[in-house]
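Report on the following structure.
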Amino acid sequence: MRHQTAIGAAALAAGLAVAMSVPATGATARTTPAKPNPRTLAAVSADTFVAAKPAEFMKAPKDTIFRTNVTSGLRGLQYVEYQRTYDGLPVYGGDIVVTTNADGGVLSTSVNQTTTLNVGVKATIKAPQAAAVSRAKVAKVDTVSTPRLTVLAEGKGRLVYETVVTGHQKKMGETKLHVFVDAKTGQVVGTFDDVRDAADDRSFYHGTVDLSTAATSMTDPSRPGHQCGGQGGSAYTGTDSAWGNGSGTNLETGCVDVLYAVQKEWDMLKAWLGRNGTNGNGRGFPSRVGLSDVNAYWNGSYTNFGHNQSNTKLATSVDVVGHENGHAIFQTTPGGSSGGSGNEKGGMNESAGDIFGALTEHYMNEPSTYDPPDYLVGEEVDLVGQGPIRNMYNPSALGDPNCYSSSIPSTEVHAAAGPQNHWFYLLAEGSKPSNGNPTSPTCNNSTVTGIGIQKAGQIFMGGLNRKVTSWSHARARVATLQAAKQLFSGSTECNAVKAAWSAINVPAQSGEPAC
90 MRHQTAIGAA ALAAGLAVAM SVPATGATAR TTPAKPNPRT LAAVSADTFV
140 AAKPAEFMKA PKDTIFRTNV TSGLRGLQYV EYQRTYDGLP VYGGDIVVTT
190 NADGGVLSTS VNQTTTLNVG VKATIKAPQA AAVSRAKVAK VDTVSTPRLT
240 VLAEGKGRLV YETVVTGHQK KMGETKLHVF VDAKTGQVVG TFDDVRDAAD
290 DRSFYHGTVD LSTAATSMTD PSRPGHQCGG QGGSAYTGTD SAWGNGSGTN
340 LETGCVDVLY AVQKEWDMLK AWLGRNGTNG NGRGFPSRVG LSDVNAYWNG
390 SYTNFGHNQS NTKLATSVDV VGHENGHAIF QTTPGGSSGG SGNEKGGMNE
440 SAGDIFGALT EHYMNEPSTY DPPDYLVGEE VDLVGQGPIR NMYNPSALGD
490 PNCYSSSIPS TEVHAAAGPQ NHWFYLLAEG SKPSNGNPTS PTCNNSTVTG
540 IGIQKAGQIF MGGLNRKVTS WSHARARVAT LQAAKQLFSG STECNAVKAA
590 WSAINVPAQS GEPAC
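Numbering follows my numbering, with no gaps: position 381 of the sequence shown is 470.
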């Protein structure tokens, strides 16, 4: 649970208080004050900034804006997150991110709302009616939460009931569906699903590896929250810490593959991107293997891995594991994983999974006998007998769009990953790489020079740290340009970001920084 701090004079005064060290004897002794913590400086500075500029943050008289989190990033950058209530009700889409430097100086802001809220908060329909309407959206229902009155931040606001329904959908597998029902008309006005799918230790994909686990259970003591086991949710246990038999269908071996990939992704996040753990605050999430499905997914709480269509391999290769944990990263950056217009944000979430999978593969840099780094997704698993399921350097090779267009919000989410995947490849490798990677067509016939995958990953992560609920390719262009300018002193990286977005037909945006 994230700590919440309301914006107000008392909170600011408390944040500015500094403990003084007083000499025990003689007035001549001096002490050197400790250097303020950048997170503390960021919180105080951002609180002051938000309180001083209510119009910039679309603050209504009935709003309370409160701080929920501070995440540290590369080069001392701090990302301060806020949510709001309206007349005591939670606001979905009222989120804010303020970016500061290590000294607390405000560098930029991301505000999801475009209009100040002004809406009545008295419901016409009753909660049980909202629950029944929500229940009908899921084929096989397991649980239905108590509907919660909420304000949607669309226009001047819409009063809704939010209900969470868990269960299974026909041909779609597990679901944890959030349903928004208009509190005056009883009509469903929006949904989003927490479940995101993809498709001396012996692993299947990496040979013999050395896992960091507890002595007799598949838990990771150095990466809190990460463990692996079967469908019951408990970690596998044994008489020693030697796990797996190397078989492609053995579940304990699958957990070796999962934990090995998760540990490498965790290390990559720290070494390359400056992120502290999967959730950004030093924790990760459990994993399960043995899902009886040609699939793998993240459901908002844990990752779950099935098998390929021929049932000869578990879907636990590095890029698949990195992809599913990438959804966890996307969800635990500001703005979460829900919301947005149509499938656009969903497609960017799927793309984020592919990007984190590629970053992990490149960080590991395994030899060709195992899983060497590339920009294909799922080729090792061969999920449905047709090789990779997505291609980042030329998405159209597998039937996905290379270029952004107005049709992306109505495109199926996995296909809608194409434009941002293409952007990332162009930023990292360029359109005509000289390092042996494949050429990549551009949508405007331009030539793009890459800056390397590590820098591209840092800029992408910097963009995610500014994410808000209504995320889009246009917003991401602005956010990644801000990240490039604030992470790197020269213009090379900034110009490369602009060129890569333009090359997939995401044009210049009002208010974006100049390089």
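Glycine included, C-beta positions come from ideal geometry on N, C-alpha and C.
Bear in mind the structure is a predicted one, so any value in this text is a computation, not a measurement.
Write down every uninterrupted run of the alpha helix (DSSP H) in the segment 423-482 whose length is 4 residues or greater and which is fully enclosed by it, in chain order.
433-453
Own chain residues within Cβ distance below 7 Å of Val595, not counting five before or after
Tyr493, His562, Ala563, Arg566
Residue range of the unbroken alpha helix (DSSP H) whose run includes Gln509:
507-518
Using the three-state DSSP reduction, which class does Arg285 fall into: helix, strand or coil?
strand
Sequence-distant residues of the same chain with beta carbon closer than 7 Å to Phe383, five excluded per side
Reading the sequence as shown, one finds Val at residue 383 and not Phe. Contacts found: Gly395, His396, Asn397, Gln398, Leu472, Val473.
Using 8 Å as the cut-off, can you tell me whether the segment 528-546 makes contact with the segment 453-460, which would need three or more C-beta pairs spanning the two stretches below that distance?
no
Apart from the five residues just before and just after Val111, which ones in its own chain have a Cβ nearer than 7 Å to its Cβ?
Reliability fails at Val111, whose pLDDT of 35 lies under 50, so the model's placement of it is uncertain and no value is given.
Where Asp152 sits in the DSSP three-state scheme:
strand
With three or more C-beta pairs closer than 8 Å as the rule, is the segment 243-252 touching the segment 270-286?
yes
Where Trp560 and Gln202 are concerned, what is the direct C-alpha to C-alpha distance, given to the nearest angstrom?
11 Å
Where does Lys259 land, buried or exposed, given buried means 16+ other C-beta within 10 angstroms?
Exposed.
Measure the Cβ-Cβ separation of Asp408 and Val466 and say whether it is below 8 Å.
The Cβ-Cβ distance between Asp408 and Val466 falls below 8 Å.
Do Trp361 and Gly476 have their beta-carbon atoms positioned less than 8 Å apart in this structure?
no
Report the start-end ranges of each alpha helix (DSSP H) in the segment 194-282 that is 4 residues or longer and not cut off at the edges.
216-224
Please confirm whether Tyr168 and Thr160 have their CB atoms less than 8 Å apart.
yes
Specify whether the segment 531-540 and the segment 512-519 touch according to this definition: at least 3 beta carbon pairs, one from each stretch, less than 8 Å apart.
yes
Only counting the same chain, and skipping five residues up and downstream in sequence, which positions put a Cβ closer than 7 Å to that of Ala132?
Gly104, Arg156, Val159, Val169
In this structure, how does DSSP classify Pro122 when only helix, strand and coil are distinguished?
coil
Rounded to whole angstroms, what's the CA-CA distance from Pro122 to Asn190? Just pull it up for me.
20 Å
Using three-state DSSP, classify Glu170 as helix, strand or coil.
Note: Glu170 maps to strand in three-state DSSP.
Between which two residues does the beta strand (DSSP E) holding Ala131 run?
Under the DSSP assignment, Ala131 falls outside any beta strand (DSSP E), being part of the alpha helix (DSSP H) whose first and last residues are 127-141.
Identify, in the order they occur along the chain, each residue of the same chain with its Cβ nearer than 6 Å to the Cβ of Asp289, setting aside the five sequence neighbours on each side.
Residue placement at Asp289 is flagged as unreliable, the pLDDT there being 48, under the threshold of 50; the coordinate-derived value follows with that caveat. Cβ neighbours of Asp289 beyond the five flanking positions: Ala331.
When Arg173, Gly162, Leu166 are compared against Ile154, the one with the closest alpha-carbon
Arg173
Tell me which residue opens and which closes the beta strand (DSSP E) that Arg377 is part of.
376-378
Span of the beta strand (DSSP E) around Val180
It spans 178-181 - the beta strand (DSSP E) in which Val180 sits, taken as one unbroken run.
Validate contact between the segment 371-382 and the segment 428-442 using beta carbons, cut 8 Å, 3 pairs
no
For Ala149, which residues of its own chain have a beta-carbon under 6 Å away from its beta-carbon, when the five flanking residues on both sides are left out?
Cβ within range, chain order: Thr205, Leu206.
What does the alpha-carbon distance come out to for the pair Pro313 and Lys124?
28 Å
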